[in-house]
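Residue numbers (our numbering): 479 to 718. One structure is given here, and the rest of the page talks about it.
Written as structure tokens, this is what we have:
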């Protein structure tokens with residue numbers, strides 16, 4: 479199985495790529511900083527690296543990179559700096575999601591390609607009528623106005639829910655929603671829920687990046703896990 483990973487040189491992406499390789503999968507990674515990925519993982523016969531910003535690639539180039547991949551995973555996110563949060567592209571995650579799904583469809587795959595999006599538990603799935611307190615709605619509304627990456631993540635998930643949907647012939651998807659991300663060296667116990675079990679704003683939980691990578695790798699290699707969560711937006715928490 480070959481998996482295309484975008485954002486593979488990031489803090490979560492590097493851990494994901496390692497776990498995919500450890501499971502015997504082949505990985506094609508589109509990264510802006512290939513040296514960071516190579517430094518973290520070393521050279522590997524099943525890893526090919528494309529040095530590019532995904533949104534700088536033409537539609538034709540994206541179609542070529544997606545071709546031959548049974549799955550695509552986006553670990554893209556905005557850099558936590560002033561330029562990363564408020565500079566362009568404001569819709570990095572949404573636009574990459576849209577263009578990658580379009581590239582998958584352009585290849586007319588014989589069977590659906592898996593698409594996994596790393597999202598956020600702060601993004602609610604309105605199809606599930608997830609309850610939100612008045613205080614949290616006000617805080618999220620303010621964050622949406624002041625912190626553009628939050629709105630970007632919301633729009634990316636909404637695109638999968640409303641534009642791709644649950645019965646697309648070319649794309650099957652899962653949007654993984656971790657809570658507050660932390661660093662850890664090893665995979666630990668974690669739990670998966672259809673919806674948040676706590677307030678992402680007022681009572682956030684913790685999710686280690688390595689656990690996010692592990693769950694996404696499970697989605698790639700365990701058909702039962704994929705069948706359980708495809709077309710859904712699972713929330714992942716570390717078990718305390």
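Positions of the beta carbon are idealized from the N, C-alpha and C atoms, including for glycine.
Within the same chain, show all residues whose beta-carbon is closer than 6 Å to that of residue i, passing over the 5 residues directly before and after it, in chain order.
| i | result |
| --- | --- |
| residue 676 | 683 |
| residue 569 | 630 |
| residue 518 | 492 |
| residue 550 | 482, 578 and 593 |
| residue 709 | 644 |
| residue 688 | 493, 662 and 665 |
| residue 509 | 486, 487 and 515 |
| residue 660 | 684 and 686 |
| residue 632 | 601 |
| residue 671 | 713 |
| residue 699 | 501 |
Who pairs with residue i in a beta bridge, going by DSSP?
| i | result |
| --- | --- |
| residue 653 | 595 |
| residue 550 | 482 and 593 |
| residue 506 | 482 and 526 |
| residue 573 | According to DSSP, which records beta bridges pairwise, residue 573 is partnered with nothing at all. |
| residue 658 | 684 |
| residue 713 | 655 and 671 |
Within its chain, find whatever has a CB closer than 7 Å to the CB of residue i; leave out the 5 residues flanking it on each side and keep chain order.
| i | result |
| --- | --- |
| residue 692 | 497 and 665 |
| residue 478 | Since the displayed the chain opens at 479 and closes at 718, residue 478 lies outside it and no answer follows. |
| residue 560 | Caution applies to residue 560, whose pLDDT of 48 falls short of 50 and renders its modelled position unreliable; the value that the coordinates give is listed next. Nothing listed; no residue qualifies. |
| residue 703 | 696 and 697 |
| residue 673 | 603, 606, 608 and 713 |
| residue 511 | 487 |
| residue 572 | 630, 633, 634 and 637 |
| residue 640 | none |
| residue 567 | 533 and 573 |
Taking 8 Å as the threshold (C-beta atoms), are residue j and residue i in contact?
| i | j | result |
| --- | --- | --- |
| residue 555 | residue 486 | no |
| residue 532 | residue 591 | no |
| residue 720 | residue 524 | With the chain running from 479 to 718 in the structure shown, residue 720 is simply not present. |
| residue 515 | residue 479 | no |
| residue 581 | residue 544 | yes |
| residue 685 | residue 634 | no |
| residue 484 | residue 589 | no |
| residue 526 | residue 506 | yes |
| residue 716 | residue 668 | yes |
| residue 432 | residue 528 | This structure cannot settle anything about residue 432, because the visible part of the chain is limited to 479 through 718. |
| residue 720 | residue 680 | Residue 720 falls outside the range modelled here, since the chain spans only 479 to 718, and no answer is possible. |
| residue 584 | residue 541 | yes |
CB-CB under 8 Å to residue i, same chain, minus the five flanking residues each way: which ones, in chain order?
| i | result |
| --- | --- |
| residue 538 | none |
| residue 706 | none |
| residue 547 | 480, 481, 482, 506 and 591 |
Taking 7 Å as the cut-off, does the CB of residue i come closer than this to any heavy atom belonging to the ligand NAP?
| i | result |
| --- | --- |
| residue 650 | Summarising the ligand content, the structure contains no ligands, and the ligand NAP is consequently not present. |
So, is the C-beta of residue i closer than 8 Å to a C-beta in chain B?
| i | result |
| --- | --- |
| residue 661 | The displayed structure is made up of one protein chain only, and chain B is not part of it. |
contact_flag[the segment 639–659, the segment 592–605] where n(CB pairs < 8 Å) is 3 or more
yes
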